Amino acid sequence: MMAAKRKNEEGYEDSERPKENKKKTSAVGGDFARFIAEQQHGEDKREEGPKEERRRKEEEGEEGEITNAKVIQSSDDLQPTPYSQLARLDEGMNRCFRANRKRSRDAQTLLKRARKLKEVKFFNRLIRDFGNEKQLGFAEEAFRILEKESDGIEPNAYSYTNLLNACVRVGELTRAREVFDKMERRCEDKPNEVTCTVLVKGLCEEGLIDEALELVKDMVRGNMNRPRANVRTFSTVLRNCVRYRDVGSAEATFSLMRECFDVLPDAACYEYLSKTYASRLDVEKAEKTLDELELQQDENGKFLNIPASALASLAGVAATVGKIDLAKRAIKKCRERAEEEQRNAEQLNNGNKRDRNIQKPGDESTTPSKSVSNFFKARATDALREISEIEAFLSKDNDMIRIEAKERAEAFSIDETDDIVFVHKQKETVETAENFWARTFKRKGKGLIKAKLEVCSGHGDWITSRCAKEQDSTQWFGLEMRENRVVLTWIKSLRLGVRNLTMLCGMAHECMQKKIPNEALDEIYVNFPDPPDWNGSANCLVDAAFLVESHRTLKVGAMLILVTDDPGYAMRMCRELSIVPHLFKPTAIDGKPFENTLPADYGFSYFNALWTNGNLNDRYFIKYRKL
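Everything in the sequence shown is counted per our numbering, starting at 8 for the first residue and increasing by one.
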């Protein structure tokens, strides 16, 4: 119990998103942009009268409310063009406003309480939980109060580590570096292994794996008085080696781990190494890694189990390259392991006595949330779904698809091929967007009449199924920043036998600028984009710049479709669209910015199933037409 408590204080564990308020209210009237700006400040100017004003002051405290000033300063900053079609919002948007307003007021209350208590532990938990909720603005405000206003107490190692984690979780690496440097200069407690691991995570997620490895080397060899690296440090690097398909860094990380005689690789380390090999279609090394995993023991002498997701990855690649026997063995093991993981998740779920989905900021409980067990159950379920698709692929009477898949896999390279296009850094082929476009459609044939793009294609379930349905009429493009997901989507396209999909890998703005000419697309889809609403950070996919680029690439009258289950992000996307009403207009009934449900035939999405854990949460289906 003590270990679990310390782990929470150090900011290791991620919190899940809280359930939204499902209570129905009437539609909200008034100016959309003004209401958005008011919400960002946690205000509700629709309330008038002495009672409402007195209640608002009591909730906010004498100090006034603490705003996320770095996100938006005032309604004037939006400078929206009046847009009559957004004058009345539907019930779903009203829930978005209310949920976010409540979250802001809850944060104000907690910060006010922290001022009175003046306990560093309470501040640390606030900073941690705000960070886990990706509320960087509130996390920084809690740290500022601790540092400037709380007499007699000072930030300790936990304070800096939790703030550093908040910066990393929203992709603010520059600010994370500043926090780390400040800790080394001012804090009596120097960076510990947790602090350094968080910084390693931030570096890796920005693609700076070489720099992260240098920090790990300092930790392993005791350079610059760095703390010793632990297994979490190494697994953090390995997880991002999968993302960037960086076999060299993954092998170097394992070599460093062997220098630490007190650190044993866990199942996750072997899983990430195996998946890195699999992302390169190196099935032999992927299999060898998992075989080695089965022979390993933990510190208690118990043999390690191969995760079901690793076996599913191995089975998928083996089937693609024609290693049928290996694929069948991996499928059998995967099914056994996935069923065991489901049972373990159910036991964890049944042992959970908590009523809420998430630990509130300041809550002292260390009991794992119910959604954690649902998460692991969802992963096991997805592994079973994946191997079922592989079995269907292997059972086809006609071997032509399997033969074609094997041939295309053998031609696979890290550079540009007929099937996959990388835009990342040195992998990019210098070519104009017009030439790339002409070459793509020339290769696919003359019968295609439409071009569609999915941004954030994820694991590829949704886009590959759409490709299969529109094989003869549409050329699809999938755009994803993580290389391993690009390859995973490409492999799924091989299994389905689709030839009308080209994958792009890189940042959305960059890829669209370099690969898509003007007025080339008939539709753009953004399904469950990451990140959600990161308050205090400028990072957000669907911003004004993205909308301008989407407008450039779409044909006149073409559709921009956005889907999310996060009310804060739905609100943010609608806010961004309200800034550019001369570019897009909503197509929903009565000018509503979105529908509360997805169309019945919209298609399956891995992230839709994973993050909701089967709950019937709202889906915000935002559909706009280019003007």
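Each residue gets a CB set at the ideal place from its N, CA and C atoms; glycine is no exception. Owing to the predicted nature of the structure, the values given are computational and were not obtained by experimental measurement.
- Here residue 529 is actually not in contact with residue 440; their C-beta atoms are around 17 Å apart, not less than 8 Å.
- Counting the other Cβ atoms within 10 Å of the Cβ of residue 142 gives 16 or more, which makes it buried.
- Per the coordinates, the alpha-carbon of residue 313 lies some 24 Å from the alpha-carbon of residue 236.
- Contact between residue 551 and residue 583 is confirmed by a C-beta separation of about 6 Å, below the 8 Å threshold.
- Between residue 290 and residue 270, the C-beta gap is not smaller than 8 Å, which leaves the two residues out of contact.
- Per DSSP, reduced to three states, the secondary structure at residue 633 is strand.
- Of the residues assessed, residue 349 falls on the buried side of the cut-off, its CB having 16 or more other CB atoms within 10 angstroms.
- Judged by DSSP secondary structure, residue 533 falls outside any alpha helix (DSSP H) and instead within the beta strand (DSSP E) spanning 528 to 534.
- Judged by DSSP in its simplified three-state form, residue 427 adopts strand.
- A residue is called buried when at least 16 other Cβ atoms come within 10 angstroms of its Cβ; residue 181 does not meet this threshold and is exposed.
- Restricting attention to 202, 461 and 502, the CA atom closest to the CA of residue 482 is found in 461.
- Contact annotation: residue 317 and residue 278 have beta-carbon atoms nearer than 8 Å.
- Judged by DSSP in its simplified three-state form, residue 611 adopts coil rather than helix or strand.
- One thing to note: residue 519 has its Cβ within 8 Å of the Cβ of residue 556.
- With respect to the 8 Å criterion, residue 345 and residue 390 are classified as neighbours on the basis of their beta carbons.
- Selection 245, 274, 501 and 307 evaluated against residue 262 yields 245 as nearest (Cα-Cα).
- A Cβ-Cβ distance of about 7 Å is found for the pair residue 206 and residue 171, placing them in contact under the 8 Å criterion.
- Separation of residue 111 and residue 611 (C-alpha to C-alpha, rounded to the nearest whole angstrom) is 33 Å.
- Cβ contact annotation for residue 145 (same chain, cutoff 6 Å, sequence separation greater than five): 114 and 137, in chain order.
- DSSP places residue 485 within a strand segment (E or B) once states are collapsed to three.
- A distance of 8 Å or more separates the beta carbons of residue 565 and residue 629.
- Between residue 280 and residue 296, the CB-CB gap stays under 8 Å.
- For residue 191, there is no enclosing beta strand (DSSP E); the residue is part of the alpha helix (DSSP H) that begins and ends at 180 to 193.
- Beta-bridge pairing by DSSP links residue 602 to 628.
- Counting only runs of 4 or more residues that sit fully inside the region 297 to 348, the alpha helix (DSSP H) segments are 315 to 327, in chain order.
- Per DSSP, residue 566 is one residue of the beta strand (DSSP E) stretching across 561 to 571.
- The residue from 198, 321, 250 and 288 with its alpha-carbon nearest to that of residue 298 is 321.
- DSSP places residue 439 in the coil class of the three-state scheme, outside both helix and strand.
- Residue 501 holds the alpha-carbon nearest to the alpha-carbon of residue 411 among 154, 456 and 501.
- Counting only residues of its own chain and dropping the five nearest sequence neighbours on each side, residue 173 has a CB closer than 6 Å to the CB of 138, 143 and 146.
- The shortest CA-to-CA distance from residue 385 to any of 352, 417 and 503 is the one to 352.
- 8 Å or more divides the Cβ of residue 208 from the Cβ of residue 186.
- A direct Cα-to-Cα measurement between residue 166 and residue 122 gives close to 15 Å.
- Distance check between residue 163 and each of 191, 315 and 177 places 191 closest, using alpha-carbon atoms only.
- In the structure shown, residue 461 falls within a strand segment according to DSSP collapsed to helix, strand and coil.
- Taking residue 634 as the centre and dropping the five residues before and after it, the same chain places the C-beta of 589, 590, 591 and 592 closer than 7 Å to its C-beta, in chain order.
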